[in-house]
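Student:
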Amino acid sequence: INPLQPIIKLLLSIIALSSFSMALQQKLRSTALKATATIAFLEVTTHIPSEGRSSLTYHKLFDDVITPLGRRLFDPEGAHHLALEVVRRGLAPRLSREGSNSGSSTDSASTKAVDMTIEIGEGKRKVHFPGPIGLAAGFDKNGTAISGLFDMGFSFVEIGSVTPLPQPGNPKPRSFRLVEDRGVINRFGFNSDGVEKVGEHLREYCREVDSSHDATFVGGDLKKESSSSSSSVVKDEDGQVKVGETIRHSLLWALGWSWSMLMTSKPRRGILGVNLGKNKTSQDEVGDYTAGIRQLGPYADYLVINVSSPNTPGLRSLQQREPLRHLLASTLKARDEFAPNAPLFVKLAPDLSSEEMADVADVVLETGIDGMIVSNTTN
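Per the numbering used here, the sequence shown starts with residue 6, numbered consecutively.
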């Protein structure tokens, strides 16, 4: 069904109205012209009928124009912040409705859905990942763009690393492009807003997710309001129908419905991981990771103890047998107290020797931590 049909029919009805007063007709025509201009803009920019920011046109605009231009105009860290802001504001390309059939086993006339769900963990801490592709920690360090990242199609998003206290990280410049290798060098050094500020962002995200199912113009789930909003009749104090206001209200609802159909691809939900780090000058690593678990654990689907960043002095020494055993045993206790339903993982470096990997494996099995993330960036 073409999502523009209700608007087109409504516009034709408005233009045909001849029994109203001249002032009312002018008001209605003005509203109709504005709606038509909006439709024309969407037609040109997204080749409607399509899926707005899910359309091939929008994706090619970012791939062929905006991204190359950003690389020319901004240094690597500036481009990183710009990309994060674009995602946060809901301007990045989105995954189409047909782009993910995770968890479905139904057949259609043209395609057979593939079940890509992954289960990790056991019992109450089992996590069901909708698909195998997610975003690792390091892009959205402070949890400001979670909804936008899920809309792009990631099955899970891991924010962080988050340190207990705010810290600026290493001096700039600290990010470098390797154009010929299509890679980057990252030396950020745990720049973080701290657990209190990130906690605010996570609470805001939770409120957004909880309210998205009741929103008329955003979210993607219009079931709760669509039936009543489309048939609302505006009346005056005497109970008489205000025809002009009723038509205006219906027009605005139709615009909102079409906008949501075109620009929303999937609910803003997914598996949320929180990656925790220690402050650079802290001498109490157990206290730092415990603070992160206590403050942010209740919002996380899983937690990560990051002991493998190459940019924090002394951090990788925590991967040695005894320090790691003490750290994991302590953080598991904190997890059981503050976030009992969240699996706890440890993130490791790729530069471990065979002997170090054997030590880590022994400690992981001994402590019973839920899993390992392999791996962080190399030295």
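Glycine is no exception: its CB is placed at the ideal position from the N, C-alpha and C atoms.
Using a 10 Å radius around the Cβ and a threshold of 16 neighbouring Cβ atoms, would you call K283 buried or exposed?
Tutor: As a first step, residue 283 must be located in the sequence shown, where it is residue number 278. The residue is buried, with at least 16 neighbouring Cβ atoms inside 10 Å.
Student: On the premise that V351 lies in contact with V312, defined as a C-beta separation below 8 Å, what is that separation, rounded to the nearest angstrom?
Tutor: Reading the sequence shown from its first residue, position 307 is the one you call residue 312. Reading the sequence shown from its first residue, position 346 is the one you call residue 351. Going by Cβ atoms, the distance from V312 to V351 rounds to 6 Å, so yes, they are a contact pair.
Student: Measure the alpha-carbon distance for G319 versus I71 and round it to whole angstroms.
Tutor: For this step, residue 319 is matched to residue 314 along the sequence shown. For this step, residue 71 is matched to residue 66 along the sequence shown. About 39 Å.
Student: Rounded to whole angstroms, what's the CA-CA distance from S358 to L323? Just pull it up for me.
Tutor: As a working mapping, residue 358 is identified with position 353 in the sequence shown. As a working mapping, residue 323 is identified with position 318 in the sequence shown. If I take the Cα positions, the gap works out to 14 Å.
Student: Rounded to the nearest angstrom, what separates L183 and G75 at their Cα positions?
Tutor: By one-based count along the sequence shown, residue 183 stands at place 178. By one-based count along the sequence shown, residue 75 stands at place 70. Using only the alpha carbons, I get a separation of about 16 Å.
Student: Quick one: give me the first and last residue of the beta strand (DSSP E) that Y307 is part of.
Tutor: Mapped onto the sequence shown, residue 307 falls at position 302. Run containing Y307: Y307 to N311, per the beta strand (DSSP E) assignment.
Student: Bridge partners for Q172 per DSSP, in chain order?
Tutor: Numbered from 1 along the sequence shown, position 167 holds the residue referred to as residue 172. Q172 is bridged to S197.
Student: Tell me whether the beta-carbon of P171 lies closer than 7 Å to the beta-carbon of G139.
Tutor: Numbered from its first residue, the sequence shown carries residue 171 at position 166. Numbered from its first residue, the sequence shown carries residue 139 at position 134. Not closer than 7 Å, so no.
Student: Entirely within the region 52-100 and at least 3 residues each: give me those beta strand (DSSP E) ranges in chain order.
Tutor: None, since the region 52-100 contains no complete beta strand (DSSP E) of that length.
Student: Return helix, strand or coil for M362, following the three-state DSSP convention.
Tutor: Along the sequence shown, read from residue 1 onward, the residue named residue 362 stands at position 357. In this structure, M362 counts as helix in the three-state DSSP scheme.
Student: Around the C-beta of E124, are 16 or more other C-beta atoms found within 10 angstroms, so that it is buried, or is it exposed?
Tutor: By 1-based counting over the sequence shown, the position of residue 124 is 119. Result: exposed.
Student: Spatial neighbours of A339 within its chain, please: C-beta separation below 7 Å, excluding the five flanking residues on both sides.
Tutor: Mapped onto the sequence shown, residue 339 falls at position 334. The answer, listed in chain order, is T295, I298 and R299.
Student: By DSSP's criteria, H133 is part of a beta bridge. Which residues make up the other side?
Tutor: What you label residue 133 is simply residue 128 of the sequence shown in a count that begins at 1. H133 pairs with E124.
Student: Would you say R330 and V368 are within 7 Å of each other, going by their C-beta atoms?
Tutor: Residue mapping note: residue 330 aligns to position 325 of the sequence shown, counting from 1. Residue mapping note: residue 368 aligns to position 363 of the sequence shown, counting from 1. Yes. Within cutoff.
Student: Of the choices F193, S160 and A354, whose alpha-carbon is the least far from that of D120?
Tutor: Mapped onto the sequence shown, residue 120 falls at position 115. Among F193, S160 and A354, the Cα nearest to that of D120 is on S160.
Student: State the beta-bridge partners of F155 as determined by DSSP.
Tutor: If you number the sequence shown from 1, residue 155 lands on position 150. Answer is none; F155 lacks a bridge partner.
Student: Indicate the three-state DSSP secondary structure (helix, strand or coil) for F350 in the structure shown.
Tutor: Position 345 of the sequence shown holds residue 350. It is a strand residue.
Student: Could you tell me the distance, in whole angstroms, from the CA atom of L349 to the CA atom of L281?
Tutor: As a position in the sequence shown, residue 349 is number 344, starting the count at 1. As a position in the sequence shown, residue 281 is number 276, starting the count at 1. Distance between the alpha carbons of L349 and L281: 11 Å.
Student: DSSP three-state call for E205: helix, strand or coil?
Tutor: Position 200 of the sequence shown, counted from the start, is the residue given in the question as residue 205. The answer is helix: DSSP assigns E205 an H, G or I state.
Student: Any idea what DSSP makes of E185, helix, strand or coil?
Tutor: Indexing the sequence shown from 1 puts residue 185 at position 180. Coil.
Student: Going by DSSP, which residues form a beta bridge with E163?
Tutor: Position 158 of the sequence shown, counted from the first residue, corresponds to residue 163. Looking at the DSSP assignment, E163 forms a beta bridge with G278.
Student: Using only alpha-carbon positions, find the residue among T383, E127, P355 and S152 that is nearest to R212.
Tutor: If you number the sequence shown from 1, residue 212 lands on position 207. Among T383, E127, P355 and S152, the Cα nearest to that of R212 belongs to S152.
Student: Please classify G376: does DSSP put it in a helix, a strand, or coil?
Tutor: Counting from 1 along the sequence shown, the entry for residue 376 is found at position 371. Looking at G376 - three-state DSSP - the assignment turns out to be strand.
Student: Identify, in the order they occur along the chain, each residue of the same chain with its Cβ nearer than 7 Å to the Cβ of A141, setting aside the five sequence neighbours on each side.
Tutor: The residue given as residue 141 occupies position 136 in the sequence shown. Closer than 7 Å at the Cβ level, and outside the excluded window around A141, lie E163.
Student: Look at the alpha carbon of P137 and the alpha carbon of G158, and state the distance between them as a whole number of angstroms.
Tutor: In the sequence shown, the residue the question calls residue 137 occupies position 132. In the sequence shown, the residue the question calls residue 158 occupies position 153. Approximately 11 Å between the Cα atoms of the pair.
Student: Of the residues G376, N384, N381 and E361, which one's Cα is nearest the Cα of R130?
Tutor: To locate residue 130, count along the sequence shown from 1; it is residue 125. When only C-alpha atoms are compared, the closest one is G376.
Student: Using C-beta distances below 6 Å, list every residue in its chain close to E371, excluding the 5 sequence neighbours before and after it, in chain order.
Tutor: For the purposes of this step, residue 371 is identified with residue 366 of the sequence shown, where counting begins at 1. No residues qualify anywhere along the chain.
Student: Among the residues of its own chain, which have a CB less than 7 Å from the CB of L346, if the five just before and after it don't count?
Tutor: The residue you call residue 346 lines up with position 341 of the sequence shown. Per the sequence presented here, residue 346 reads as Asn, with Leu not at that position. Only K129 and R130 meet the Cβ criterion.
Student: Quick check on this structure: which residue in Q325, A334, D364 and L308 has the alpha carbon closest to the alpha carbon of A344?
Tutor: The count along the sequence shown starts at 1 and reaches residue 344 at position 339. When each option's Cα is compared against that of A344, the closest is L308.
Student: Does the Cβ-Cβ distance between L277 and A305 come in under 7 Å?
Tutor: Position 272 of the sequence shown holds residue 277. Position 300 of the sequence shown holds residue 305. Against a cut-off of 7 Å, the Cβ pair of A305 and L277 comes out as a contact.
Student: Have a look at D68 and G275 and give me their C-alpha separation to the nearest angstrom.
Tutor: Here residue 68 corresponds to residue number 63 of the sequence shown, with the count starting at 1. Here residue 275 corresponds to residue number 270 of the sequence shown, with the count starting at 1. For D68 and G275, the distance between alpha carbons rounds to 25 Å.
Student: Could you give the distance in angstroms between the alpha-carbon of N147 and the alpha-carbon of L87?
Tutor: Residue numbering aside, residue 147 sits at position 142 when the sequence shown is read from its first letter. Residue numbering aside, residue 87 sits at position 82 when the sequence shown is read from its first letter. Looking at the two C-alpha atoms, the distance is approximately 15 Å.
Student: Could you pull the start and end residues of the alpha helix (DSSP H) that V291 belongs to?
Tutor: Numbered from its first residue, the sequence shown carries residue 291 at position 286. Note, V291: alpha helix (DSSP H), E290 to L301.
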